[in-house]
Amino acid sequence: MNKFIKLLILISTLFILYCKGYKVTIEPTNDTQQYSKAKRDINDLHKETDKEIKEKIITLSNDEKKKFDSLKHAFNQVIEKLQEQIGGCQNGNKSKCDNFWTWIDGNPQKQKELANAFTTAHDFLEKKRNEKDNGKNFDQYISEALECKNSDGEGKYGSAGTNQIEQFFRGILNDMSTEPNNDKMFDRLKDELLCTDNSSKHLDGLTSNW
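Plus 1 on top of the position in the sequence shown (first one is 1) and you've got my numbering.
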């Protein structure tokens, strides 16, 4: 009987405490606290890493910038002087080629890729400039070759009776201009500069028999 009374008192006490709004809390253990802190640290690390990746600035070396600028200069000359010979830029569609270079200007990573892809052709043309017309700088030499269009008769721009420089840049721009969008144009340009199996081998045409 006494046990029953004590049990009733205990239940009544708990009921009263509950009704008054008392709450029973469980204090976290040290292990729980350490786990939570470690989890927060890992999440913060991931956030910092993502932020650093997004904010990472891609820069071109001086050599890469020089090559990219020369490549862009050459193609701008082709667009300006030989537009009607470029399939994708004809009939008032010059903006397609112009817009491609504007798009590239906003993407340093793609500039870097093109500069490095241009290395073989650039170094070959630089060697020819030194041999054939060392009074001009690289861009001047290329501009005059594109202005001349046909052979100058002295082999400055290609083997006898040819202008391989003009054919190289015009041929690449013609092929890439037929691609449907900037990404495809970029891939085609890079393939041609690297002379991959997917290219039309314009680089071979530039460097052969000259």
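Note that the Cβ used here is the ideal one computed from N, Cα and C, for glycine as well.
Quick one: Cα of residue i to Cα of residue j, how far?
i	j	result
T197	L126	19 Å
G135	E180	It is Asn, not Gly, that sits at residue 135 in the sequence shown. Between N135 and E180, the C-alpha separation is close to 36 Å.
S62	A118	14 Å
L147	D140	11 Å
N131	D188	31 Å
K95	N199	25 Å
D124	D64	12 Å
DSSP three-state label for residue i, please.
i	result
N210	coil
P109	helix
G172	helix
T197	coil
L83	coil
I59	coil
D134	coil
Y142	helix
Looking only at C-alpha atoms, which of the options sits nearest to residue i?
i	options	result
A122	N63, Q165, N175	Q165
F76	E65, D64, C90, N63	C90
S71	N138, G162, L207, D188	N138
N108	D205, S209, N183	N183
With a Cβ-Cβ cutoff of 8 Å, do residue i and residue j count as a contact?
i	j	result
W211	S160	yes
K113	I59	yes
K133	K111	no
L190	L115	yes
D99	I87	no
K68	T120	yes
Suppose the cutoff is 8 Å on Cβ atoms and the five residues either side in sequence are ignored; what does the same chain contact list for residue i look like?
i	result
M186	F101, M177, S178, E180
With a threshold of 7 Å on Cβ separation, who are the neighbours of residue i within its own chain once the five nearest residues in sequence on each side are excluded?
i	result
H203	F169, G172, I173, E193
Y142	R130, D134
I'd like the list of long-range same chain contacts for residue i, defined as Cβ closer than 6 Å, with 5 residues on each side in sequence excluded.
i	result
L83	R171
Q78	S144, L147
S201	D176
H74	D140
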